[in-house]
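Below is one structure, written out as structure tokens, with a few remarks after it.
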Amino acid sequence: MDAFKQCGQDGQIEITSGDYTIAKTAFRIGGDNFTIQGHGEAFFFGNGQKWYDQNRNNGNQAGRPISFTLWNAKNVWIDGITWRQPQFW
């Protein structure tokens, strides 16, 4: 989160290989003319099975997280990322 605060405006952030847990919030990224590259190695595991089971045969549940949202974004390229079991869509 510190990297996004310090470099998120007209900067570049490189997240090195490793396991990271986003336990506080999901990603919401916006802006113009940016790229997110996973280089075929990035993997988001949303642990969605808990949400699937809880919402089976029901409508959406308030507060159900969305793993990654492009918010007010223009001219964005995302490549090389695998998503598995997102909590929502």
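full-length UniProt numbering applies: residue 1 is where the sequence shown begins, and numbers increase by one.
Just so it is clear, CB atoms sit at the ideal spot from N, CA and C, and this is done for glycine as well.
Keep in mind that this is a model prediction, so the values were computed, not measured.
| Item | Value |
| --- | --- |
| Straight-line CA distance for Q61 to Y52? | 10 Å |
| In this structure, what does DSSP give as the bridge partners for T25? | DSSP lists no partner for T25. |
| DSSP on Q61, reduced to helix/strand/coil? | coil |
| To the nearest angstrom, how far is it from the Cα of C48 to the Cα of S67? | Note that residue 48 is Gly in the sequence shown here, rather than Cys. Spanning the two alpha carbons is a distance of roughly 10 Å. |
| Excluding the 5 residues preceding and the 5 following T82 in the sequence, name in chain order all residues of the same chain whose CB lies nearer than 6 Å to its CB. | F43 |
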